[in-house]
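In what follows, a structure is listed as structure tokens, so that the remarks can point back to it.
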Amino acid sequence: MGIPSIGIYSYELFNFYGVKTIIRTGSAGAYDPDLKLGDIAIGMGSCTNSNYADQFNLPGTFAAIADFGLVRAAAEEAEKLGINYKVGNLLASDTFYSDSPETWKQWQKMGVLAVEMEATALYLNAARSGNKALTICSISDSLITGEELSSEARQTSFTNMMHIAFEII
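Residues 27 to 195 in the numbering used here are what the sequence shown spells out, letter by letter.
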């Protein structure tokens with residue numbers, strides 16, 4: 027999907043259709059060595075290399091964060107289900123293939139858990155509209171080890187994030 031697409035969809039859902047809460051589930055690449063393939067990353071915050079927030083004309087940098095109640099509920103549900111997870115910052119990136127393949131290490135040094143491509147726009151639109159949002163990702167690959175799940179494994183094994191989302195909504 028990416029930042030522009032979820033930006034459009036979440037804006038319309040929040041502002042035209044009365045949706046109050048959006049929980050996005052998807053895949054992410056691990057930057058944190060404790061996250062293994064299939065583990066869950068719960069996005070408390072979202073860093074980005076996008077300029078999506080520029081449209082809000084803020085006189086500084088806005089911290090795109092999830093709704094704390096949703097974060098807490100997701101963590102509690104993961105605990106209840108015995109699912110390995112971490113809560114923290116995600117990187118919502120505009121680039122999938124980069125000419126600078128080692129830049130992930132800079133984000134890792136700042137404690138970013140994993141990279142995905144949507145959370146920032148979702149969190150910004152939720153904040154702007156006064157609504158709630160959360161991103162829950164299954165780890166599909168590791169930039170640290172180079173491991174990755176097959177396409178088939180991604181299709182059949184990414185159910186934990188959905189179980190968490192369905193239980194907390």
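For every residue, glycine included, the Cβ atom is placed at its ideal position computed from N, Cα and C. Note that the coordinates shown come from a computational prediction; the quantities given were computed from them, not determined experimentally.
- Following the DSSP letters along the chain, one finds Thr-74 inside the beta strand (DSSP E) bounded by residues 66–74.
- Excluding its 5 nearest sequence neighbours in each direction, Glu-174 has C-beta neighbours in its own chain below 6 Å: Asp-167, listed in chain order.
- For the pair Asn-110 and Asp-58, the CB atoms are not nearer than the 7 Å cut-off.
- Annotated as distal: Val-97 and Asn-115, with beta-carbon spacing of 7 Å or more.
- Non-local beta-carbon contacts of Ile-195 in its own chain, meaning distances under 7 Å to residues more than five positions away in sequence, involve Thr-47, Ile-49 in chain order.
- Within a 10 Å sphere around the beta-carbon of Asn-186 sit 16 or more other beta-carbons, which makes this residue buried.
- A straight line joining the alpha-carbon of Phe-88 with that of Ala-79 spans about 8 Å.
- A direct Cα-to-Cα measurement between Ser-124 and Gln-134 gives close to 16 Å.
- Beyond the five residues adjoining it in sequence on each side, Ile-91 comes within less than 7 Å, by CB distance, of Met-70, Gly-71, Tyr-149 in the same chain, given in chain order.
- Here Glu-103 carries a helix assignment [DSSP, helix/strand/coil].
- Here Met-188 is exposed, its C-beta having fewer than 16 other C-beta atoms within 10 Å.
- Secondary structure at Ile-34: helix, using DSSP grouped into helix, strand and coil.
- If you draw a straight line from the Cα of Glu-103 to the Cα of Ala-159, it is about 17 Å long.
- When beta bridges are read from the DSSP output, Glu-174 appears opposite Asp-167.
- Boundaries of the alpha helix (DSSP H) around Ile-190: 186–194.
- The C-beta distance from Ala-118 to Thr-146 rounds to 4 Å, short enough to meet the 8 Å contact threshold.
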